[in-house]
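**Student:** FYI, this note's numbering numbers position 186 of the sequence shown as 466, with every residue one higher than the one before it.
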Amino acid sequence: MWRTTQRRAAIDHAIHEAIRVARTHSRTSRAFEHLLQHVRGRTTLLRPPRVGGRFETAGIRQIIAGLLAMASHHSDWLRPVEDWTPTGDSPRPQFGSLALHLFARYPVPAFMTSVWFRDRDAESVRQQGWYKHIGLGRNIRIADRPLPYTKRMAYHFMQAPDHFTVEMALRWGQVRGLGGSEVLASAVAATRLGRLFEHEDFWKTVLHFLVNEPTLDAVHVGPIVDYLNVQRFVPQEIFIEEGELGQPGPPQPNLTMKGRTQRSLLRQVEEWHKRLRHRPRAKPVHWERSDIGEFHYIEKDGQDQEPPRIWTIRELLSSGQLYREGLAMQHCVAAYVRACASRASSIWSMRFENQVRRHRVMTIEVDMKRRMICQARHHRNARPNAKSRGILERWARQEGLTIAEWL
Numbered sequence: 281m282w283r284t285t286q287r288r289a290a291i292d293h294a295i296h297e298a299i300r301v302a303r304t305h306s307r308t309s310r311a312f313e314h315l316l317q318h319v320r321g322r323t324t325l326l327r328p329p330r331v332g333g334r335f336e337t338a339g340i341r342q343i344i345a346g347l348l349a350m351a352s353h354h355s356d357w358l359r360p361v362e363d364w365t366p367t368g369d370s371p372r373p374q375f376g377s378l379a380l381h382l383f384a385r386y387p388v389p390a391f392m393t394s395v396w397f398r399d400r401d402a403e404s405v406r407q408q409g410w411y412k413h414i415g416l417g418r419n420i421r422i423a424d425r426p427l428p429y430t431k432r433m434a435y436h437f438m439q440a441p442d443h444f445t446v447e448m449a450l451r452w453g454q455v456r457g458l459g460g461s462e463v464l465a466s467a468v469a470a471t472r473l474g475r476l477f478e479h480e481d482f483w484k485t486v487l488h489f490l491v492n493e494p495t496l497d498a499v500h501v502g503p504i505v506d507y508l509n510v511q512r513f514v515p516q517e518i519f520i521e522e523g524e525l526g527q528p529g530p531p532q533p534n535l536t537m538k539g540r541t542q543r544s545l546l547r548q549v550e551e552w553h554k555r556l557r558h559r560p561r562a563k564p565v566h567w568e569r570s571d572i573g574e575f576h577y578i579e580k581d582g583q584d585q586e587p588p589r590i591w592t593i594r595e596l597l598s599s600g601q602l603y604r605e606g607l608a609m610q611h612c613v614a615a616y617v618r619a620c621a622s623r624a625s626s627i628w629s630m631r632f633e634n635q636v637r638r639h640r641v642m643t644i645e646v647d648m649k650r651r652m653i654c655q656a657r658h659h660r661n662a663r664p665n666a667k668s669r670g671i672l673e674r675w676a677r678q679e680g681l682t683i684a685e686w687l
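1) Note down, one range per segment and in chain order, each alpha helix (DSSP H) of at least 4 residues found wholly within the stretch 472-521.
2) Taking 8 Å as the cut-off, does the stretch 343-350 touch the stretch 312-321 (at least 3 CB pairs, one atom from each stretch)?
3) Opposite Arg638 in the DSSP bridges: which residues?
4) Just to check my reading of the structure: Ile504 and Trp591 have Cβ atoms closer than 8 Å, yes? What is that Cβ distance to the nearest angstrom?
5) Whose C-beta lies closer than 7 Å to the C-beta of Ser626 among residues of the same chain, with five residues either side of it excluded?
6) Within a Cβ cutoff of 6 Å, which residues of the same chain sit near Leu681, ignoring the five residues on either side of it in sequence?
7) Quickly, what does DSSP pair Met652 with across the bridge? List them, please.
8) Could you name the residues that DSSP lists as bridge partners for Ile627?
9) How is Phe391 classed by DSSP in three states: helix, strand or coil?
10) Check for me: the alpha helix (DSSP H) holding Trp452 runs from which residue to which?
11) Mark Leu450 as exposed unless 16 or more other C-beta atoms lie within 10 angstroms of its C-beta, in which case mark it buried.
12) So, at 7 Å on beta carbons, what are the nonlocal neighbours of Ser370 in its own chain, with the 5 sequence-adjacent residues on each side left out?
13) Please name the residue, chosen from Thr541, Pro533, Gln532 and Trp452, that lies closest to Arg495 on a Cα-to-Cα basis.
14) Which same chain residues, not among the five before or five after Met448, have their C-beta less than 6 Å away from its C-beta?
15) According to DSSP, what are the bridge partners of Phe575?
16) Does the stretch 409-424 touch the stretch 383-392, meaning 3 or more C-beta pairs lie closer than 8 Å?
17) Quick check: what's the CA-CA separation for Leu508 versus Arg663?
18) With a threshold of 16 other CB atoms inside 10 Å of the CB of Asn661, please say whether the residue is buried or exposed.
19) Would you grab the beta carbon distance between His479 and Phe444 for me? Rounded to a whole angstrom, and I think it's under 8 Å.
20) Give the DSSP-derived three-state secondary structure of Ser377 in the structure shown.
21) Where are the alpha helix (DSSP H) runs, 4 residues long or more, that stay fully inside the stretch 390-448, in chain order?
22) Using the Cα positions of Ala388 and Val491, report the straight-line distance between them to the nearest angstrom.
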């Protein structure tokens, strides 16, 4: 457990690092120190609560990075910091109220607050520009978006769930604008389509297909997107001499949605899953453990004579472990090697044991950038039941993770 002096040292270190970055621009440096002064004096933003029994430094670093991002836009502040009255009881609403005070004359959706917590890159600057654009009462349709938008899409974009990123909200608005339900929009936003905007001509045909299949269970959306992406865009690994891998190109580079039905597509996805589970890899791929902790919970029913039930959640750290997980659970987690190796995602296995049996319960995907549990699936992609959901929530609280609302 962290002592008070260690907590203060962690906060001071993060602040000094941000000040060092800000000093490359004198006006940004002055604006940042001005923000720090008022935030420290009026809020608890730089005094985060404990998370899961330990002091959580990730949240404090995020707040400081957000303040630095706001300072870099100091020339666009609409009101003096001194006139700001914080609202909200927790860090995110308080920070959001500061963003609104500085940059908005009109309402801005709560999910847009996330643009101030992004990495310092060109895309962050662009999205922060969208925040100011909307804050001045302008429509997202006339901003520099990655997607073509209709009026209906722009309307739904503004209604996206508070915990979404801007990318997810853009996809949500698109699906809702095409006539898709909120459940479908959330499921699509949870896939790679809620992070990336490549090959839009093809993916728009996929979205039309999904919207026109209202009986399709949302649980199938993720596997369908994974399958279509691999078939059309991902080079296929094949074995050549001495076990080396070759990549001749995607299996179906000309794949289209014409003539497809829900039944035929789900059958193709299932056949792909079977091939994936039984395909060996020439060389194993390993990656480093993430900074998210594992989980161990002993469940008792209050009777001493009853043997305890043990729940664990552990990170999978190699292509071989993903392969074995997919084989046991009969789903496509073996296709996530690249995402795990690049640290875009981490994959976790929930397991249960007692004196009678030991088995895998659920496979979990964590979006590392958002620190969000975005997928959690039982055998054959079934949804979590009440028991496993409760265990998942315990782990999320322990590690300060959010759980996507569509799970």
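Think of the CB as a built atom: it goes at the ideal place given N, C-alpha and C, for glycine as much as any other residue.
**Tutor:** Looking at the atomic coordinates:
1) List check, alpha helix (DSSP H) in window: 480-491 and 501-513.
2) Cβ pair count under 8 Å is three or more, so yes.
3) Answer is Glu633.
4) Between Ile504 and Trp591 a beta carbon distance of about 31 Å is seen, past the 8 Å cut, so the two are scored as non-contacting.
5) So the qualifying residues of the chain are Ser570, Ile572, Glu595, Cys620, Val646 and Met648.
6) Shown here for Leu681: same chain residues with a beta carbon closer than 6 Å to its own, the five before and five after excluded, namely Arg651 and Ile653 in chain order.
7) Bridge partners of Met652: Asp647 and Thr682.
8) Bridge partners of Ile627 according to DSSP: Glu645.
9) The three-state secondary structure of Phe391, taken from DSSP, is helix.
10) Where Trp452 is concerned, the enclosing alpha helix (DSSP H) stretches over Val446 to Gly457.
11) Classification for Leu450: buried.
12) Excluding residues up to 5 positions away in sequence, nothing lies with its Cβ nearer than 7 Å to the Cβ of Ser370 in the same chain.
13) Per the sequence shown, the amino acid found at residue 495 is Thr instead of Arg. Comparing Cα positions, the closest option is Thr541.
14) If we look at Met448 and ignore the five residues flanking it on each side, its Cβ neighbours are Ala469 and Gly474.
15) Answer by DSSP bridge pairing, in chain order: Ile593.
16) Result yes; three or more Cβ-Cβ pairs closer than 8 Å.
17) The straight-line gap from Cα to Cα measures roughly 22 Å.
18) Result: buried.
19) With a beta-carbon spacing of about 22 Å, His479 and Phe444 fall beyond the 8 Å limit used to define contacts.
20) Ser377 sits in a helix when the DSSP states are folded into three classes.
21) Correct list: 402-415 and 431-437.
22) Checking the displayed sequence, the identity of residue 388 turns out to be Val instead of Ala. Cα to Cα, Val388 sits roughly 28 Å from Val491.
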